[in-house]
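A.B. asks: Below: one structure in structure tokens.
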Amino acid sequence: MSPEVAEAVERSHGMDAVSVAGRLADATTRAREAGLVALEAGDAALALRAIDVEVRTLGVLSNMGVEREIDADIALKARHIAHAAIRLVRDDPAQADPLAAELDRMYSGDMAADIRDIADEVRDRIPEIEN
């Protein structure tokens, strides 16, 4: 399986904590919205079921240590940004230098080293194009 396909499968079916929390936060929001629609339509039974789903998903998120739904959303977005940065460096190793420099400047020498290592691996596999 190509890395791109594996990444797409992981994103859509990921069982890591960040993916699960993001999906639960989304389910919580949808349950809340469904409950409001049901209340507006006068369907008390459906509204109660939606409230039950919302409360249960909030409980699971709380047990996972997620204090706010936005935290799960931010973690999921941060993960996507990290994937994009890795793909950018794999596609264009020259992008590693400014990205790594910014990571060094901000806080993370370990992450910067990882980005530089990815770029070095790509450079080693792709021969230089001579003009």
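Add 20 to the 1-based position in the sequence shown for the numbering used here, that's all there is to it. Where is the CB? At the ideal position from N, CA and C, for every residue including glycine.
(1) Would you tell me roughly how many angstroms separate the C-alpha atoms of V109 and L119, rounded to the nearest one?
(2) Look at the alpha carbon of A133 and the alpha carbon of I101, and state the distance between them as a whole number of angstroms.
(3) Where does L78 fall in DSSP's three states?
(4) Given a cut-off of 8 Å, decide if T49 and L81 are closer than it, judged by their beta-carbon atoms.
(5) Helix, strand or coil for M84 per DSSP?
C.D. replies: Once the coordinates are examined:
(1) Working through the sequence shown from its first residue, we reach residue 109 at position 89. Working through the sequence shown from its first residue, we reach residue 119 at position 99. Going from the Cα of V109 to the Cα of L119 covers about 9 Å.
(2) By one-based count along the sequence shown, residue 133 stands at place 113. By one-based count along the sequence shown, residue 101 stands at place 81. Roughly 17 Å separates the two Cα atoms.
(3) The sequence position of residue 78 within the sequence shown is 58, counting from 1. Note: L78 maps to helix in three-state DSSP.
(4) The residue given as residue 81 occupies position 61 in the sequence shown. The residue given as residue 49 occupies position 29 in the sequence shown. No, they are not a contact pair.
(5) Numbered from 1 along the sequence shown, position 64 holds the residue referred to as residue 84. M84 falls in the coil class under three-state DSSP.
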